[in-house]
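Read left to right, the sequence shown gives residues 537 to 654 (our numbering). Glycine included, each C-beta is placed from N, C-alpha and C at the ideal position. Since we're looking at a predicted model, the values are computed, not measured. Let me begin by presenting the structure, written as structure tokens, before commenting on it.
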Amino acid sequence: VQLQAFGGGLVQAGESLTLSCRASGSDFSINTWNWYRQVPGGQRERVATATRPGTTNYAGFVKGRFTITRGGNTVSLQMNNLEPEDTAVYYCHADVFIGRDPYPAHYWGHGTLVTVSS
């Protein structure tokens, strides 16, 4: 299974950006999708989660500005009212069931850089 992320870029504070991530491969199903982010020299931190039943939750710093949406083998992160503090490399992550294995495996997409200028 491979995860491929799209949509990073440079925006100004207050603008919006949407990140997307697509899973590809064979004989798999996505259990939980996550978005993480990491600033240089910092730890990777969770941004948002979308579980299989459709429940979503967000890190406190999101403050209602971001929306995670899953559909099929894709997930998106709509980010509104971006702040310079949101500048980071964003990673998609998925817990994936492979074949009949009852335990999900963890997969990461490559990072996509989001830069928010003030």
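- prompt: From L539 to H629, what does the alpha carbon distance come to, in whole angstroms?
  reply: The residue labelled residue 539 in the question sits at position 3 within the sequence shown. The residue labelled residue 629 in the question sits at position 93 within the sequence shown. Each residue's alpha carbon lies about 8 Å from the other.
query: To the nearest angstrom, how far is it from the Cα of S565 to the Cα of N609?
result: Within the sequence shown, the letter at position 29 stands for residue 565. Within the sequence shown, the letter at position 73 stands for residue 609. The straight-line gap from Cα to Cα measures roughly 8 Å.
task: Would you kindly check if the distance between the Cβ of V537 and the Cβ of A559 is under 7 Å?
output: Here the question's residue 559 lines up with position 23 in the sequence shown. Here the question's residue 537 lines up with position 1 in the sequence shown. Yes, Cβ-Cβ distance for A559 and V537 is below 7 Å.
message: Can you tell me whether G545 is helix, strand or coil according to DSSP?
response: Position 9 of the sequence shown, counted from the start, is the residue given in the question as residue 545. In this structure, G545 counts as strand in the three-state DSSP scheme.
message: Let me confirm a value: D637 is counted as buried when at least 16 other C-beta atoms fall within 10 Å, else exposed. Which label applies?
response: Here residue 637 refers to the residue found at position 101 of the sequence shown. Label assigned to D637: exposed.
task: Hey, could you find the ends of the beta strand (DSSP E) S565 is sitting in?
output: As a first step, residue 565 must be located in the sequence shown, where it is residue number 29. That run of the beta strand (DSSP E) goes 564 to 574.
message: Can you list, in chain order, the residues of its chain with a C-beta nearer than 7 Å to that of A624? Leave out the 5 residues immediately preceding and following it.
response: Counting from one through the sequence shown, the residue named residue 624 turns up at place 88. Counting only Cβ-Cβ distances below 7 Å, and skipping sequence neighbours, we find R573, Q574, V575, V650.
Residue range of the beta strand (DSSP E) that includes T623: Your numbering for residue 623 matches position 87 in the sequence shown. Premise fails: T623 is in no beta strand (DSSP E) and is neither H nor E.
field: Counted within 10 angstroms of its Cβ, other Cβ atoms place S612 as buried (16 or more) or exposed
entry: Taking the sequence shown and counting its residues from 1, the one referred to as residue 612 is at position 76. Classification of S612: buried, given that the 10 Å Cβ count is 16 or more.
field: Spatial distance of D622 from T585 (CA atoms)
entry: Against the sequence shown, residue 622 aligns to sequence position 86. Against the sequence shown, residue 585 aligns to sequence position 49. Going by the C-alpha atoms only, they are around 17 Å apart.
task: Would you mind sorting L555 into buried or exposed? The rule is 16 or more other CB atoms within 10 Å of its CB.
output: If you number the sequence shown from 1, residue 555 lands on position 19. L555 is buried by the Cβ-count criterion.
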